[in-house]
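Here the structure comes first, spelled out in structure tokens, and everything after it is commentary.
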Amino acid sequence: MKWIYDSAWHHPFVAYLVGLVLLFDIARRLPFLYGYLFVFLVEILADASVTGGWSPVPLGTSAYTVFSVVFIVLGDFRYFYFAERATRLTEPFSRSLLFATGVSIIVPIVTAIMTRTIPALQNDRILYLVYEPALGCIVLGLDRFRFARSTAPKAIRDWVHRVSLFFATLYFGWAFCDALILAGIEAGHVLRIIPNVMYYGAFLPFIWLSAPAAMREIRSRPLSEAVT
Numbered sequence: 478m479k480w481i482y483d484s485a486w487h488h489p490f491v492a493y494l495v496g497l498v499l500l501f502d503i504a505r506r507l508p509f510l511y512g513y514l515f516v517f518l519v520e521i522l523a524d525a526s527v528t529g530g531w532s533p534v535p536l537g538t539s540a541y542t543v544f545s546v547v548f549i550v551l552g553d554f555r556y557f558y559f560a561e562r563a564t565r566l567t568e569p570f571s572r573s574l575l576f577a578t579g580v581s582i583i584v585p586i587v588t589a590i591m592t593r594t595i596p597a598l599q600n601d602r603i604l605y606l607v608y609e610p611a612l613g614c615i616v617l618g619l620d621r622f623r624f625a626r627s628t629a630p631k632a633i634r635d636w637v638h639r640v641s642l643f644f645a646t647l648y649f650g651w652a653f654c655d656a657l658i659l660a661g662i663e664a665g666h667v668l669r670i671i672p673n674v675m676y677y678g679a680f681l682p683f684i685w686l687s688a689p690a691a692m693r694e695i696r697s698r699p700l701s702e703a704v705t
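Going by our numbering, the sequence shown opens with residue 478, and the numbers climb by one from there.
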């Protein structure tokens with residue numbers, strides 16, 4: 478029966494499951510900004526741990542591919558959820574969740590289909606050059622035609638606009654670097670560090686530091702009561 482004890486469904490699955498449930502329950506009770514930063518700080522650290530240079534998952538394996546796709550979707554989701562929820566704090570949480578989830582999977586699904594039908598896209602670098610500008614354009618489009626037109630206070634809309642520009646910039650930065658790499662310019666690999674750091678290290682601090690003062694100061698009451 479030792480195999481039951483040694484099973485990954487016992488450890489670490491139980492720890493992950495209980496930890497995630499507790500994480501989201503705690504975040505749900507916090508004001509929006511604090512709950513958001515709490516959840517997605519854990520997410521981005523998990524992403525960096527699994528897909529980065531110290532990953533315990535071997536590069537090139539099917540497990541690594543699955544984790545990479547999951548974290549790509551979650552990385553996009555963290556922007557879409559932020560922008561949707563911040564501009565619609567008075568609406569049900571479930572609406573923001575569904576909207577962000579739906580938008581986050583559009584480009585991955587479309588590019589997955591394209592990869593199966595267009596042989597050139599089986600080259601990862603070319604695939605990136607499709608994915609990255611497409612995602613950047615969706616971010617700018619939603620910022621202009623949805624988030625900017627919400628009924629949220631101007632301070633929040635301006636905040637979301639700043640974050641949208643930041644997120645779109647890192648995606649277009651990736652695309653520029655990948656174009657250089659495809660052109661045989663090796664410096665593209667080094668330049669790619671810039672959008673990487675923006676994505677993994679600077680995105681959440683930027684949200685925190687660029688937030689309206691009232692949103693960073695509120696701690697014990699709902700965020701929607703602090704910003705008018």
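Every residue, glycine too, gets a C-beta built ideally from N, C-alpha and C. Given the structure is predicted, the values throughout are model-derived calculations rather than measurements.
What is the rounded straight-line gap between the Cα of PHE576 and the Cα of MET478?
45 angstroms
Thinking just about the alpha-carbon of each residue, which of GLY552, TRP685, ILE658 is nearest to the one in ALA645?
GLY552
Does DSSP put SER484 in a helix, in a strand, or in coil?
coil
Contact check, GLY512 vs ALA504 under 8 angstroms by CB: the rounded distance?
4 angstroms
Would you report the Cα separation of SER701 and PRO508, rounded to the nearest angstrom?
Per-residue confidence for SER701 stands at a pLDDT of 47, beneath the threshold of 50, marking its modelled position as unreliable; the derived number appears in the next sentence. Distance between the alpha carbons of SER701 and PRO508 is about 9 angstroms.
Measure the alpha-carbon distance for VAL637 versus THR564 and round it to whole angstroms.
8 angstroms
Excluding the 5 residues preceding and the 5 following ARG669 in the sequence, name in chain order all residues of the same chain whose CB lies nearer than 7 angstroms to its CB.
TRP651, CYS654
Is the Cβ-Cβ distance between THR528 and PHE548 less than 7 angstroms?
yes
Compare the C-alpha of ARG602 against each of ASP620, TRP531, GLU694, HIS666 and name the closest.
HIS666
Do MET675 and LEU642 come within 7 angstroms of each other at the CB atom, strictly closer than that value?
no
Selected residue, minimal CA-CA separation from ALA560, among ALA691, PHE544, PHE624, ILE615:
PHE624
Taking a contact to mean a Cβ-Cβ separation below 7 angstroms, would you say PHE515 touches ARG555 in this structure?
no
Let's see if you can read the secondary structure: which residues bound the alpha helix (DSSP H) around MET591?
583–594
At a cut-off of 6 angstroms, is PHE490 close to the ligand HEM when judged by its beta-carbon and the heavy atoms of the ligand?
Annotation note on the ligand HEM: not contained in the displayed structure, which lists no ligands.
Given ALA691 as reference, the closest of HIS487, GLU520, ALA632, VAL534 once Cα atoms are compared
ALA632
Own chain residues within Cβ distance below 7 angstroms of LEU604, not counting five before or after:
THR588, THR592, LEU598
If distances are taken between C-alpha atoms only, which option among VAL580, ILE595, ILE590 comes closest to GLY613?
VAL580
For the alpha helix (DSSP H) that PRO682 lies in, which residues bound it at each end?
680–687
Whole-angstrom distance between ASP635 and LEU686, CA atom to CA atom:
13 angstroms
For VAL640 and ILE684, which I take to be in contact (beta-carbon distance under 8 angstroms), what is that distance rounded to the nearest angstrom?
6 angstroms
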